[in-house]
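Here the sequence shown is numbered in the working numbering, starting from 183 and rising by one per residue.
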Amino acid sequence: MLIQVSDIARYEGQEVTLRGWLYNRTDKGRLQFLLVRDGSGVAQCVAFKKELPPEVFEIAQTLTQESSVIVTGVVRADERAPGYPGGFEVGITGLELVQMAGEYPIQPKDHGVEFLMDNRHLWVRSSRQWAILRIRATIIHTIRTWLDDHGYLLVDTPILTPAAGENTTTLFEIDYFGQPAYLAQTGQLYNEANIGSFGKVYCFGPTFRAEKSKTRRHLMEFWMVEPEMAFFSLEDLMDMEEQFVSAIVQSVLEKHRMELDILERDTTRLETVTAPFYRISYDEAVERLQQLAAETDDPERKAELAITWGDDFGAPHETAVAEMFDKPVFVYHYPTAAKAFYMQPVEGRPESCRSVDLLAPEGYGEITGGSERIYDADLLKQRIDEIGISPENYAWYLDLRKYGSVPHAGFGLGLERTVAWICGLPHIRETVPYARMLNRLYP
Ligand code: 4AD
Ligand code: MG
C-alpha cells in the first residue's frame with residue numbers, strides 16, 4: 183500500500199510502499215541504511231543483502247544522494263530509527279530506481295550561505311528548510327482561519343497601483359502602457375475603501391519595497407497580512423493584535439514540535455506569548471532608552487542606543503526596548519514626522535500620532551505596524567499636500583472621508599519577520615521559498 187512517511191506509525195507490521203528521494207545512505211556492507219524523504223517526512227529503510235535479489239541489493243548499494251526511488255518494505259517499530267517522525271523503519275523487500283541522481287551540489291557539510299542561496303531550488307529539500315517552510319504554511323493557515331473565524335472578510339487588493347501607499351522612496355516603478363505604475367507597498371488604502379462595504383476586512387499577499395537595505399530583516403518582496411476595521415480605536419487594535427499574534431504562536435507550538443526540534447528552537451520564550459502584551463508610549467520608550475544609554479560604560483553601546491525624541495527606532499533600539507519585557511511589547515504614539523501620512527494625530531498633540539508597532543522578543547524587532555487613520559477629509563487633504571504627493575491620485579481615497587467617514591484602524595503583520603521570530607532564525611532570507619534581496623533575484 184502506498185503511504186506517506188508522516189503516517190508510518192499506523193502501518194506497523196504491514197508492507198508499504200514509499201515514493202521519494204534518497205536523503206542519505208550509510209553503507210554497512212551487507213546492510214544499507216537508506217534515509218528516504220517523501221515530502222511528508224523521512225524514513226529509515228534498511229536493505230539486507232541476504233533478503234534481497236542481488237540486482238535489488240545492488241541498487242541500494244549504489245544509490246546516490248537525491249536519487250528518486252520507490253521503496254517497498256515492512257514497517258517495524260525501532261526507537262533508535264532516525265527520521266521524521268522517526269521511531270519506525272522499513273525492512274526493504276523491493277526497491278525500484280526512478281532516476282539515479284548526478285553528483286548533488288549540496289553535501290552533508292557546511293556550505294557558505296551565498297552558495298546555498300544560489301542553490302535555493304535544491305536547498306529547499308534540506309530538513310531545516312523543510313521545517314521552516316512547513317511552519318510558514320501553518321502560520322499562513324492560522325492567520326486566515328483566525329481572521330475568518332472572527333468576522334473578517336478576505337478582500338484582495340491590487341498589486342499594480344498608480345500611486346504610493348506608504349512613502350515615495352521605496353517604490354518599484356514599472357511601465358504600465360506608457361504610464362508609471364508601482365508594485366504595491368501595502369493594500370491598506372484599498373482596505374480602507376473595503377471596510378465601507380464589509381466592516382472588518384483583511385488582505386494578504388505579496389508587497390514590495392525597493393529598500394536599499396541589506397539587513398537581516400528586510401526583503402524586497404515580502405508577504406503582509408493587513409486587517410482593517412471600521413469603528414476601531416488604537417486600543418481596540420492592540421486588544422485584537424495580541425489575541426491574533428498569540429493564536430499564531432500557539433498554533434505553531436501545538437502543531438510543530440518536530441519542526442521546532444529540527445531547528446533546535448528553544449521555545450521557552452514562545453510559550454509565554456499569550457495576551458495581554460505590554461504597552462508603552464514612544465515617549466516612555468525614548469526615556470528608558472536614554473536612561474539605558476546613560477547607564478552603560480561601553481561607548482559603542484552608548485552610541486548605538488543614542489536617541490532623541492522624534493527619531494525613528496533603529497534595530498538596536500527595538501531590540502533594547504523589547505528586552506525590557508518578557509513578552510511582546512506595543513510601542514504607541516510615535517512622532518507624526520517619522521510615520522506615514524495617513525495616521526491620525528493624537529488629540530491636542532499633533533506632533534504625535536495614533537500609531538502602534540509591535541516589537542517581538544529575542545531581537546526580532548517590529549513585526550506589526552498599524553494606526554488609527556485620519557478620517558477627517560480636510561486634515562487628510564492637508565497631509566497629502568504637506569508631503570507633496572499628487573492629490574489627483576488620491577481623489578478616491580479622499581472620497582472615503584466624504585461618504586460616511588468613521589474612525590477606523592488597521593495594521594500590517596510581516597509574515598517573514600514572524601516566521602523568523604517563531605523559528606528563531608538569524609536571517610529573514612530562509613523564511614520565504616525564494617528570497618528577493620538587494621543582491622539577489624536568482625533563482
Ligand atoms: O510598518 P509597515 O511599513 O506598515 C504598512 O505597510 C501599513 N500600511 C500596514 C497597515 O497598517 N495596514 O509594514 C508592516 C509590517 C512591518 O511591521 C514588518 O513586519 C513588515 O511589514 N515589513 C517588512 N518585512 C520584510 N521586509 C521588509 N522590507 C518589510 N517592510 C515591512
Ligand atoms: Mg513600520
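We put the CB at the ideal spot given by N, CA and C, even for glycine.
Check, Outcome
"What's the C-alpha gap between I627 and H323?", "Examination of residue 627 is not possible in this model, given that the chain is present from 183 through 625 alone."
"Please confirm whether S249 and L204 have their CB atoms less than 8 Å apart.", "yes"
"Could you compute how far the alpha carbon of L329 sits from the alpha carbon of Y384?", "8 Å"
"Buried or exposed, going by whether 16 or more other CB atoms sit within 10 Å of the CB of R569?", "This sequence places Ile at residue 569; Arg is not what is there. The residue in question, I569, is exposed, as its Cβ has fewer than 16 Cβ neighbours within 10 Å."
"Could you pull out every residue in the same chain whose Cβ sits closer than 6 Å to the Cβ of D539, ignoring the five residues on either side in sequence?", "V513, E548, G551"
"If you measure from the CB of T501, is any heavy atom of the ligand 4AD nearer than 7 Å?", "no"
"Assuming I314 is part of the beta strand (DSSP E), what are its boundary residues?", "Premise fails: I314 lies in the alpha helix (DSSP H), 309-331, not in any beta strand (DSSP E)."
"If you follow the beta strand (DSSP E) that N206 is in, where does it begin and where does it stop?", "197-210"
"In angstroms, rounded to a whole number, what distance separates the CA positions of D558 and E482?", "45 Å"
"Looking at the unbroken beta strand (DSSP E) that takes in R302, where does it start and where does it end?", "Per DSSP, R302 belongs to no beta strand (DSSP E); it is in the alpha helix (DSSP H), 302-305."
"Would you mind stating whether H400 and S463 have Cβ atoms separated by less than 8 Å?", "no"
"Express the C-alpha separation of Q370 and A412 in angstroms, rounding to a whole number.", "13 Å"
"Between I486 and the rest of its own chain, which residues show a CB-CB distance below 7 Å, the 5 nearest in sequence each way excluded?", "The amino acid occupying residue 486 in the given sequence is Glu; Ile does not appear at that position. Hits under 7 Å: P498."
"Is Y622 near E403, with beta carbons less than 8 Å apart?", "Looking at the sequence itself, residue 622 is Arg, so the reference to Tyr does not match. Cβ distance not < 8 Å, so R622 and E403 don't count as in contact."
"Taking C-beta to C-beta, are G496 and P517 nearer than 8 Å?", "no"
"If I'm right that Y266 touches G202 with Cβ under 8 Å, what's the distance once you round it to whole angstroms?", "The Cβ separation is near 12 Å, so there is no contact."
"Suppose the cutoff is 7 Å on Cβ atoms and the five residues either side in sequence are ignored; what does the same chain contact list for Q473 look like?", "none"
"Can the beta-carbon of N373 be found less than 8 Å from the beta-carbon of T339?", "yes"
"For the ligand MG, is there any heavy atom lying closer than 7 Å to the beta carbon of G496?", "no"
"Starting from S250, follow the beta strand (DSSP E) in both directions and report where the run begins and ends.", "250-259"
"What whole-angstrom Cβ distance do A520 and L471 have, given they're in contact under 8 Å?", "About 15 Å separates the two Cβ atoms, so there is no contact after all."
"Any idea what DSSP makes of F521, helix, strand or coil?", "The question names Phe, but residue 521 in the sequence shown is Lys. The answer is coil: DSSP assigns K521 none of H, G, I, E or B."
"Can you confirm whether the region 442-458 touches the region 577-595 when touching is taken to mean that 3 or more C-beta pairs between the two stretches lie within less than 8 Å?", "no"
"Return the residue from the list V468, D494, G273 that minimises the CA-CA distance to A259.", "G273"
"Let's test the definition: count the other Cβ atoms within 10 Å of the Cβ of T350 and tell me whether it reaches 16, buried, or not, exposed.", "exposed"
"Taking only heavy atoms of the ligand MG into account, decide whether any of them is closer than 7 Å to the Cβ of E554.", "no"
"So, at 7 Å on beta carbons, what are the nonlocal neighbours of K437 in its own chain, with the 5 sequence-adjacent residues on each side left out?", "T320"
"Among the residues of its own chain, which have a CB less than 6 Å from the CB of Q186, if the five just before and after it don't count?", "S222"
"If I measure Cβ to Cβ from I241 and keep anything under 7 Å in the same chain, skipping five residues before and after, which residues do I get?", "L277, L279"
"Which complete alpha helix (DSSP H) runs does the region 407-444 hold, if anything under 4 residues is left out?", "416-437, 439-444"
"Candidates E348, I377, N376, T343: which alpha carbon is nearest Q361's?", "T343"
"Does the Cβ of D493 lie closer than 7 Å to at least one heavy atom of the ligand MG?", "no"
"What would DSSP say about G378, mapped onto helix, strand or coil?", "helix"
"Tell me whether E453, by its Cβ, gets closer than 7 Å to a heavy atom of the ligand NAP.", "Ligands present in the displayed structure are limited to the ligand 4AD and the ligand MG, and the ligand NAP is not among them."
"Considering only heavy atoms of the ligand 4AD, does any lie closer than 7 Å to the CB of Q367?", "yes"
"Assuming contact is defined by CB atoms lying nearer than 8 Å, are I641 and A363 in contact in what I supplied?", "No answer is possible for residue 641: it lies beyond the span of the chain, which begins at 183 and ends at 625."
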